[in-house]
Structures are given as structure tokens and as C-alpha cells.
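Participant:
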Amino acid sequence: MIVIYHDNLKILSLEASDDKAVLATENIVSTLFAVAERYPDQLLIWCHISQKENLNASALAEIFHHQKIVASYTTGNANYLSNTIGYVEESPFIKINKEVSYPTWQLSTDVGGAYAAVFLAIKSSFPQNTNFAYFLQSFAKLAMPLGIFCYSEPKLLETISACISDKKAAKEAELFKFVKQHYRTRWLLLLLLNLFIYEKRIPLLAFFKALFYKKRKIPANTFDSITIQSSRKVVETKTIDVVIPTIGRKKYLYDVLVDLKNQTHLPQNVIIIEQNPDEGSASELDYLNNESWPFTIKHSFTHQAGACNARNLALAEVTSEWVFLNDDDNRFNSKLFENIFLKASEFSATVITTAYLQVNEIQEYKTTHQSGIFGSGNSFVKKAALQNIQFDKALEFGYGEDIDFGLQLRNRGHDVIYFPDLKITHLKAAIGGFRTIIKKQWADDLIQPKPSPTVLYVIQKHSSSEQLKRYKLILFLKLLKNESFGNYLHFYKDFKIKWRRSVYWASKLKS
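Per numbering that gives the first Met the number 0, the sequence shown starts with residue 0, numbered consecutively.
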């Protein structure tokens, strides 16, 4: 292990694990690359000099349990790019829960680390005479989609201290430069527009200077040569239960059970919550009892419709080490569970989501990476990660219950990892679903809310205020495109009224 101590401007000291000093240049970034070349198999740690005695060396082996992990921690509440980056990006990687290990590309200079192999892989892609803080943001932003696992990790410090006094946030010019180099150019204009509308600022100079920067890219195979085998154990008993909510899909559910029956690694329990809101109806799943199955089937029938309720009922009955959140119109091969446990062990993943394609759909994402989404019909979760987590019933028959569930997991310190080689086909069966019309609370409202209150509820619950404002502006602009110029003023007034109604109903959902 090599530890680099700095004051955000220059290297102050550099220590190897054998207590021998290593020669260093003053520039922090160039030193990182130089040290990586000299010690290609070592873990490199950077630490602000004020945190030298606070560095939690005993936790480093647990934190960096495989070679593609990059972790850091920001003292205080402000990140380098500040909350303003929320005007540009809607992902869950912006609003960081600093109490747990949380996925984010917003790395900090305060304390952090990565294996030398990671820096060696990108040496030719980044200028070395750059600002250290900017370099970390840029590197992580580009590396996360390519399979580098980036985290905010409070365990890096023994005690959480006050904000480092000499730490500087990005200037407006650096913010606009970052947006130009890492997002589509149109986001420069939208950032400027957000700052003008919500903060009454017009940084035109920063905007125009940013236009001259080129977009940064690194090759898709940059990190392919770095192998992963986690030293942290997350698979013990290899037992797994399957959760399936179903309604009106007898034939499709049978095929799902056959796929489960054919698994080379069989589940312990298959928990089926059958719903039919029709009064006087009864279960139609006769094959559950008429045929022999190599697992225990726990079947419940209810007249209460709703996937959130059904999944919560099923989760309450899970007894195995792992749970598969399945759907009643999925298909998958016989080695799915076997491969799930291989990947969970290899990456030490407690939440796994698979490729989830419809028939003949072309797969777009082909790299294992930290996912910004979560699928409630194609995910595997370790039971221990599910403590105090449920599907939010406020979102029943609405939007975003799977997004919300994934964000709950992340906020408990459980990253969602996408594995493109694990595949489930989603048939999207035309039959089934809800046969009764579910009347929303706001259905009779004289002024219909816009956006849907369930959409706004999820954004308010999990996003930053800047991300919420971003969403509001983009929604306004999208709807404005359909209006004639002469109707702009009326549309603006109407939009504000409908937005307020959505805010009102979203607050009702909270209660």
C-alpha cells in the first residue's frame, strides 16, 4: 500500500507500506501515475494531510475488496462540483447518502484510493498536469459505465471530521467545462437556463469558454484487462426463494415454474401471490397441486390487487439467504441461478439486476457496471439487505415502485450491479394485468395534476432540489413544444397551476 499525503495543491509526503519514502513530484495527478508505474500491484491511497491520523487503515482491505473499486469520502457537505450538477444529471449518483457506502462518480480529494492497475489503464487518456479534484470527477464519470466501481465510503475515516478548510469547490468555469466534456452539448444551455431561472445568475463567460472544449472519451475496453475476484464473502448457504406476483396469466406462470424446475441450482421456495379483484373469484392455478415440483410452493390468493402489496406479502415469507424478484411472464435458461451465485461471489454483490430484454430486442448495455436502475421483475437480492425495506404502497398502480425500491437499497448501503451476461426474457404478456379500472385519488380533481403525482412523489423522495428543478424545466419545455407561440402565456399559467396540484397530491401520497 502506498499513501500520498497532500494539501490539495501539492504532495507533502508519500509513504510506502514498508515505511520507505518514495520520491514524488509536487503535482498530485502526475505523482499518482508515477507511483502506479513503480508499484503496479499496489493499492494507492490519497489523503489530505489534516486527516493523516484519522485514516482508517484497518478498514482498507474490506473497502477495496477487488481491484476495480475506487472509493473516497468528502468531509463536510459540499462536493467539488456542488449541488449545481443536479441541474444536469438525474441519476441516483448525485444525491449521496454519506452515512453508508454509496455509489457515485463524485470522488473527493479528502481521502480515497484505487489500485494502481486502474490508473495505469487510463494513463494515456488524461492530461497529468491537471487539477486533482477535477481529474477525479472526470475519471470516475467516464469509468463507472465501463465497469469501475466508485463509492462514497465513510469507513475510510475513523471519525467523521469537519470540512477541510483549504478545500475549494469548482469555479463556474470548471463546472461548465465539466458539463461540456462529459455530457451532450445541449446540457450547457440547459445548465445556463436553470441557473438563470432558479438562481438569477447568467455566467455567460463560463458558458462560451466551455464551448471550445472537446468531449472526453475513453475506450470501452479500457479496464477489461483488470480481473476481479472479491475477497469479501457474501454467499454462504446458496439458498434462494422466488417471489412472483401474478394476475390472470395461468399459462405464462406455468412456463416460469418449468424454467425454475429446470434450474441446475434449484430454489428452496417459490412464493406466489395470486391476485384477482373480481368478487367471488378463486384460484385458477390448479397445476400447483396437480403436478410435482422440486421446490416448496407457497401460494396465497387475494382479492386485493396491486403488485406492491403482493410483493410485500411474498417478501414477508422469504426464509432463504437470497430472493429472486421475478415476474409471471419471464423466461430464462437452466443455469441462471448457478451463474447468479458465481457473479455474486466474484463481485461480492448483494443486489444483482440482469439484462431484461423483450423478444428480438437488441441488447444495448454489455458491460458489468453500477446500475442507475433497478428491476422489480429481474433482480436478485440478499435477504439481509432487505431489512426495513418494502415496496412503497403509495406507488401502487402508479409509477416508480421499482425505482424507489432500488433507491431504498442504495440508501442502506447496497449497490445495484448490472450483469449483461445474466439474461431474462420479458414476454410482456398481453393478457393478464388489472381487469378493473383503478381510480386515482385525483381522478375527479377539476384541475388534473401535471406531472403524475406518483412521478413527483418519487423525485421529491429521492432527488436533490436541483434535480427536481431540472425535471420541472425539462417537462415545461417538452410540453411547450406542442403549443403555438400565441398560446405561450396561457400555457405557462396553466402549467404552474397543474404543477401545484401535483405537488399537493404528492404530499397526500406521503401521508
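Backbone N, C-alpha and C fix where the C-beta goes; we use that ideal spot for every residue, glycine too.
#1: For residue 244, which option in 120, 165 and 273 has the closest C-alpha, if you only look at C-alpha atoms?
#2: To the nearest angstrom, report how far apart residue 143 and residue 135 are at their CA atoms.
#3: Select from 502, 395 and 327 the residue whose C-alpha is nearest the C-alpha of residue 447.
#4: Does the beta-carbon of residue 188 have 16 or more other beta-carbons within 10 angstroms, so that it is buried, or is it exposed?
#5: Give, in chain order, every unbroken run of the alpha helix (DSSP H) that is at least 4 residues long and sits entirely within the stretch 97–127.
#6: Go through its chain and collect everything with a Cβ distance to residue 267's Cβ below 8 Å, but skip five positions before and after it.
#7: If I'm right that residue 328 touches residue 425 with Cβ under 8 Å, what's the distance once you round it to whole angstroms?
#8: Could you check the C-alpha separation between residue 118 and residue 399 for me, to the nearest Å?
#9: Would you please state the rounded distance, in angstroms, between the beta carbons of residue 509 and residue 440? I believe it to be under 8 Å.
#10: Does DSSP classify residue 286 as helix, strand or coil?
#11: Does the Cβ-Cβ distance between residue 458 and residue 415 come in under 9 Å?
#12: For residue 71, does the count of other Cβ atoms within 10 angstroms reach 16, so buried, or fall short, so exposed?
#13: Please say whether residue 449 and residue 492 have beta carbons closer to each other than 9 Å?
#14: Since residue 311 is in the alpha helix (DSSP H), which residue starts that stretch and which ends it?
#15: If you check the beta carbons only, do residue 333 and residue 262 fall under 9 Å apart?
#16: Any idea what DSSP makes of residue 347, helix, strand or coil?
#17: So, for residue 103: in the same chain, excluding its five sequence neighbours on each side, which residues have a beta-carbon less than 6 Å away from its beta-carbon?
#18: Can you give the Cα-Cα distance for residue 259 and residue 419, rounded to whole angstroms?
#19: Which whole-angstrom value is the C-beta distance of residue 271 and residue 155, which I expect to be below 8 Å?
#20: Within 10 angstroms of its Cβ, does residue 5 collect 16 or more other Cβ (buried), or is it exposed?
#21: Taking contact to mean at least 3 C-beta pairs separated by less than 8 Å, is the stretch 202–221 in contact with the stretch 245–256?
#22: Comparing alpha-carbon positions, which option in 175, 192, 494 and 444 lies nearest residue 207?
#23: Using a Cβ-Cβ cutoff of less than 8 Å, which residues in the same chain neighbour residue 324 once the five nearest sequence positions on both sides are dropped?
#24: Look up residue 45 in the DSSP assignment and say whether it is helix, strand or coil.
#25: State the Cα-Cα distance for the pair residue 341 and residue 53, rounded to the nearest angstrom.
#26: Which one or two residues does DSSP pair with residue 379 in a beta bridge?
#27: From 429, 451 and 404, pick the residue whose C-alpha is nearest to that of residue 461; which is it?
#28: Is it buried or exposed for residue 367, if we count other Cβ within 10 angstroms and need 16 for buried?
#29: Do residue 222 and residue 120 have their beta-carbon atoms positioned less than 9 Å apart in this structure?
#30: Give the straight-line distance between the Cα atoms of residue 230 and residue 384, rounded to the nearest whole angstrom.
#31: Considering only residues of the same chain and omitting the five flanking positions on each side of residue 173, which have a CB-CB separation below 7 Å?
#32: Which runs of the beta strand (DSSP E) spanning at least 3 residues fall entirely within the stretch 370–418, listed in chain order?
#33: How long is the line joining the alpha carbons of residue 284 and residue 124, rounded to whole angstroms?
#34: Considering Cα atoms alone, identify which of 27, 34, 58 and 60 is closest to residue 47.
#35: Give the DSSP-derived three-state secondary structure of residue 71 in the structure shown.
#36: Per DSSP, what kind of secondary structure is residue 517 in: helix, strand or coil?
Facilitator: On the basis of the supplied data:
#1: Locating residue 244 in the sequence shown gives position 245, counting from the first residue. Cα-wise, what sits closest to residue 244 is 273.
#2: Here residue 143 corresponds to residue number 144 of the sequence shown, with the count starting at 1. Here residue 135 corresponds to residue number 136 of the sequence shown, with the count starting at 1. Cα-Cα distance, rounded: 12 Å.
#3: By one-based count along the sequence shown, residue 447 stands at place 448. Its Cα nearest to that of residue 447, the residue 502 stands out among 502, 395 and 327.
#4: For the purposes of this step, residue 188 is taken as the residue at position 189 of the sequence shown. Exposed, by the Cβ-count rule.
#5: Scanning the stretch 97–127 for uninterrupted alpha helix (DSSP H) segments of 4 residues or longer gives 115–121, listed from N- to C-terminal end.
#6: Translated into the one-based positions of the sequence shown, residue 267 becomes position 268. These residues qualify, in order along the chain: 238, 239, 240, 294, 295, 318 and 319.
#7: Looking up residue 328 in the sequence shown gives position 329. Looking up residue 425 in the sequence shown gives position 426. Under the criterion of beta carbons closer than 8 Å, residue 328 and residue 425 qualify as touching, at roughly 7 Å.
#8: For the purposes of this step, residue 118 is identified with residue 119 of the sequence shown, where counting begins at 1. For the purposes of this step, residue 399 is identified with residue 400 of the sequence shown, where counting begins at 1. Roughly 37 Å separates the two Cα atoms.
#9: In the sequence shown, residue 509 corresponds to position 510, counting from 1. In the sequence shown, residue 440 corresponds to position 441, counting from 1. With a Cβ gap of about 13 Å, residue 509 and residue 440 do not count as contacting.
#10: Here the question's residue 286 lines up with position 287 in the sequence shown. Three-state result, residue 286: helix.
#11: Taking the first residue of the sequence shown as 1, we reach residue 458 at position 459. Taking the first residue of the sequence shown as 1, we reach residue 415 at position 416. Contact: no.
#12: Counting from one through the sequence shown, the residue named residue 71 turns up at place 72. Classification of residue 71: buried, given that the 10 Å Cβ count is 16 or more.
#13: As a working note, residue 492 is residue 493 in the sequence shown. As a working note, residue 449 is residue 450 in the sequence shown. Cβ atoms of residue 492 and residue 449: not closer than 9 Å.
#14: As a first step, residue 311 must be located in the sequence shown, where it is residue number 312. Counted as a single uninterrupted DSSP element, the alpha helix (DSSP H) harbouring residue 311 occupies residues 306–314.
#15: As a working mapping, residue 333 is identified with position 334 in the sequence shown. As a working mapping, residue 262 is identified with position 263 in the sequence shown. The answer is yes: Cβ separation under 9 Å.
#16: On the sequence shown, position 348 is the one that residue 347 refers to. If DSSP states are grouped into helix, strand and coil, residue 347 belongs with coil.
#17: Sequence index remark: in the sequence shown, residue 103 carries index 104 (1-based). For residue 103, the CB contacts under 6 Å within the same chain, skipping 5 residues up- and downstream, are 92, 95 and 151 in chain order.
#18: For the purposes of this step, residue 259 is identified with residue 260 of the sequence shown, where counting begins at 1. For the purposes of this step, residue 419 is identified with residue 420 of the sequence shown, where counting begins at 1. Approximately 20 Å between the Cα atoms of the pair.
#19: Against the sequence shown, residue 271 aligns to sequence position 272. Against the sequence shown, residue 155 aligns to sequence position 156. Not really, about 44 Å apart at Cβ, beyond 8 Å.
#20: On the sequence shown, residue 5 is found 6 positions in, with the first residue counted as 1. That one is buried.
#21: Judged by Cβ distances under 8 Å, the stretch 202–221 makes no contact with the stretch 245–256, as fewer than three pairs qualify.
#22: Here residue 207 is taken as the residue at index 208 of the sequence shown, counted from 1. Check the Cα spacing between residue 207 and each of 175, 192, 494 and 444: the tightest is with 175.
#23: In the sequence shown, the residue the question calls residue 324 occupies position 325. Excluding sequence positions up to five before and after residue 324, its CB lies within less than 8 Å of the CB of 242, 310, 374, 375, 376, 377, 378, 379 and 380, all in the same chain and listed in chain order.
#24: Translated into positions along the sequence shown, residue 45 becomes position 46. Looking at residue 45 - three-state DSSP - the assignment turns out to be strand.
#25: Here residue 341 corresponds to residue number 342 of the sequence shown, with the count starting at 1. Here residue 53 corresponds to residue number 54 of the sequence shown, with the count starting at 1. Residue 341 and residue 53: Cα-Cα distance of roughly 36 Å.
#26: Residue mapping note: residue 379 aligns to position 380 of the sequence shown, counting from 1. As DSSP reads the structure, residue 379 sits in a beta bridge with 323 and 351.
#27: The residue labelled residue 461 in the question sits at position 462 within the sequence shown. Here the closest residue by C-alpha is 404.
#28: Locating residue 367 in the sequence shown gives position 368, where the first residue counts as 1. Its Cβ being crowded by 16 or more others within 10 Å, residue 367 is buried.
#29: Sequence index remark: in the sequence shown, residue 120 carries index 121 (1-based). Sequence index remark: in the sequence shown, residue 222 carries index 223 (1-based). Less than 9 Å separates the beta-carbon of residue 120 from that of residue 222.
#30: What you label residue 230 is simply residue 231 of the sequence shown in a count that begins at 1. What you label residue 384 is simply residue 385 of the sequence shown in a count that begins at 1. Each residue's alpha carbon lies about 19 Å from the other.
#31: Translated into positions along the sequence shown, residue 173 becomes position 174. Apart from the 5 residues on each side of it in sequence, residue 173 sits with its Cβ closer than 7 Å to the Cβ of 133 in its chain, given in chain order.
#32: Runs of the beta strand (DSSP E) inside the stretch 370–418: 377–381.
#33: Position 285 of the sequence shown, counted from the start, is the residue given in the question as residue 284. Position 125 of the sequence shown, counted from the start, is the residue given in the question as residue 124. Looking at the backbone, the Cα of residue 284 and that of residue 124 are separated by about 58 Å.
#34: In the sequence shown, residue 47 corresponds to position 48, counting from 1. Out of 27, 34, 58 and 60, 27 has the C-alpha closest to the C-alpha of residue 47.
#35: If you number the sequence shown from 1, residue 71 lands on position 72. Here residue 71 sits in strand by DSSP.
#36: With the chain represented from 0 up to 510, any question about residue 517 goes unanswered, as that position is not in the structure.
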